[in-house]
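Under my numbering, the sequence shown has 136 at position 103, and the numbering climbs by one with no breaks.
By construction, the Cβ of each residue, glycine as well, lies at the ideal position given by its N, Cα and C atoms.
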Amino acid sequence: MENVTNVSLNHGDSSEEDYADLDDIYAATEHSVPWAFQVGTAVVYAVVLLGCGTNNACRLARACRQPPRKRHIVEANLRMADFLLVVFGVPLIFQYHTVTPFAWYWGSAVCTAYTYGKAVLQGVASHLFLVLEIDRCQAICCSTRAYRLSTPRACLVCLVAWLFSIVASLPFALYSYSVKDSFTGSEVCLTVWPAEALSNYQLYSTAMLLTQCAAPCVLSLTCSLLVLKKIWSRRFPTCQPSVRGKVSRKSKTKATILLCVVLFFFACLTPSYLLPTLASFNAIGYDWSHQKFLTAVGVAEALTFLRCVFSMGFFVGQPNQPSLRNITSGKEGCATRHKTGNVIPSSDDVETVQVQLKRVRRLEH
34 MENVTNVSLN HGDSSEEDYA DLDDIYAATE HSVPWAFQVG TAVVYAVVLL GCGTNNACRL
94 ARACRQPPRK RHIVEANLRM ADFLLVVFGV PLIFQYHTVT PFAWYWGSAV CTAYTYGKAV
154 LQGVASHLFL VLEIDRCQAI CCSTRAYRLS TPRACLVCLV AWLFSIVASL PFALYSYSVK
214 DSFTGSEVCL TVWPAEALSN YQLYSTAMLL TQCAAPCVLS LTCSLLVLKK IWSRRFPTCQ
274 PSVRGKVSRK SKTKATILLC VVLFFFACLT PSYLLPTLAS FNAIGYDWSH QKFLTAVGVA
334 EALTFLRCVF SMGFFVGQPN QPSLRNITSG KEGCATRHKT GNVIPSSDDV ETVQVQLKRV
394 RRLEH
């Protein structure tokens with residue numbers, strides 16, 4: 034049913050216009066949440082909490098016992114952002130979307146802290162994900178090491194990512210609070226900008242969409258396509274034909290999975306930035322019912338948490354194994370004990386193999 038805002042009732046003998054009572058309008062407006070939304074969000078939040086929470090906790094505990102290395106620092110910060118988002122955000126949003134749909138019982142202060150924290154952690158994850166993609170692309174596609182990550186550079190990149198996200202997300206701390214929903218009578222957690230700041234809201238939401246989502250998405254996809262092109266054009270001259278084909282197929286499959294991971298990562302991240310931008314320009318304000326708008330907001334929130342799955346286990350933070358070196362170097366593909374425990378080659382493995390190849394060439398000359 035359409036969201037009716039102002040209904041005029043004209044009578045032939047009356048000189049005045051009577052307007053429908055607002056209570057009747059609210060009663061006629063749909064505000065119930067579909068059961069499929071509750072079931073779907075329950076499954077998503079359970080998987081994210083049990084899978085991402087435990088996995089990231091174990092990985093962070095392991096990273097604390099290892100010496101600091103350039104890639105481990107970036108991966109640890111990305112895992113920390115996802116871990117904090119899952120541990121502190123999922124319990125709140127599970128109640129808000131699944132148990133009592135769109136009824137916020139935690140107060141306005143918690144709403145502000147949750148919305149601001151989620152915006153900060155989303156920005157950190159998006160930018161560090163891009164950093165890992167660029168570093169991997171340089172390791173596989175570029176021969177020079179001049180612009181590769183070093184330990185000081187990795188620390189600086191992580192610091193800049195955190196500071197930028199903290200500062201850029203400050204408007205969420207100013208304009209996010211719980212308000213009473215006129216349709217349901219319960220409190221809802223929303224980001225509400227004042228009417229006189231509409232132009233600022235449009236500018237800010239567009240800037241966040243471009244800097245936190247669109248630019249990292251385009252750059253990450255470009256790096257993934259370059260890696261895919263490099264691996265698909267790679268040759269294995271030292272291998273027997275049968276082994277060569279097997280290694281080539283595995284490396285191409287893993288590079289394709291890398292591209293799919295990037296696509297799903299930003300597909301889950303985009304709605305949380307696109308929806309506020311459309312709302313700021315009144316693209317989804319008047320022709321959407323109340324129930325449809327809240328459901329769209331809930332789906333965007335669920336996809337935001339589902340994004341943690343694609344930055345969790347099979348993309349970053351994989352331990353170094355000989356199989357990765359076989360795939361990325363193309364030199365040791367004839368190894369008989371070839372195990373494929375990981376999905377994506379690590380840049381540290383690529384760098385190690387490149388150093389070893391240089392030493393061999395020096396000895397040959």
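Cβ-Cβ distances below 7 Å link Y208 to T224, V225, W226 in the same chain, with the five nearest sequence neighbours on each side left out; the list follows chain order. DSSP places S253 in no beta strand (DSSP E) but in the uninterrupted alpha helix (DSSP H) bounded by 248-265.
When DSSP states are grouped into helix, strand and coil, T133 belongs to the coil group. Per DSSP, V212 lies in no alpha helix (DSSP H); the unbroken beta strand (DSSP E) holding it starts and ends at 209-213. DSSP places V225 in no alpha helix (DSSP H); its state is neither H nor E.
For the 8 Å CB-CB criterion, V295 and L254 form a contact.
If you draw a straight line from the Cα of L308 to the Cα of D115, it comes to about 22 Å. Here P124 is exposed. Its C-beta has fewer than 16 other C-beta atoms within 10 Å.
The DSSP-derived three-state label of V200 is helix.
Only residues of its own chain outside the window of five on either side were considered, and among them P304, S305, L308 have a CB closer than 7 Å to the CB of A333, listed in chain order. The beta-carbon distance between C174 and C222, rounded to whole angstroms, is 44 Å. This is too long to meet the 8 Å contact definition. Less than 8 Å separates the beta-carbon of G122 from that of Y147. In the displayed model, V221 falls within a strand according to three-state DSSP. Between S313 and Q245, the beta carbon gap of about 15 Å keeps them out of contact (Cβ cut-off 8 Å). F205 and V342 have their C-alpha atoms spaced approximately 25 Å apart. For A109, same chain residues with a beta-carbon under 6 Å away, outside a window of 5 residues either side, are A96 in chain order. L93 and L117 have their alpha carbons spaced roughly 12 Å apart. Only buried fits K151, as 16 or more other CB atoms lie within 10 angstroms of its CB. Nearest neighbour of G218 by Cα position, chosen from P134, A247, Q155, C170, turns out to be P134.
For K287, the number of other beta carbons within 10 angstroms of its own is at least 16, and it is reported as buried. Remark: C-beta atoms of T310 and L252 do not approach each other more closely than 8 Å. For S232, the secondary structure class from DSSP, reduced to helix, strand or coil, is helix. For Q155, the enclosing alpha helix (DSSP H) starts and ends at 141-174.
Within the model, the alpha-carbon separation for A240 versus S141 is close to 26 Å.
A straight-line Cα-Cα distance of about 23 Å links L192 and C91. Between C250 and F326, the C-beta spacing is not below 8 Å.
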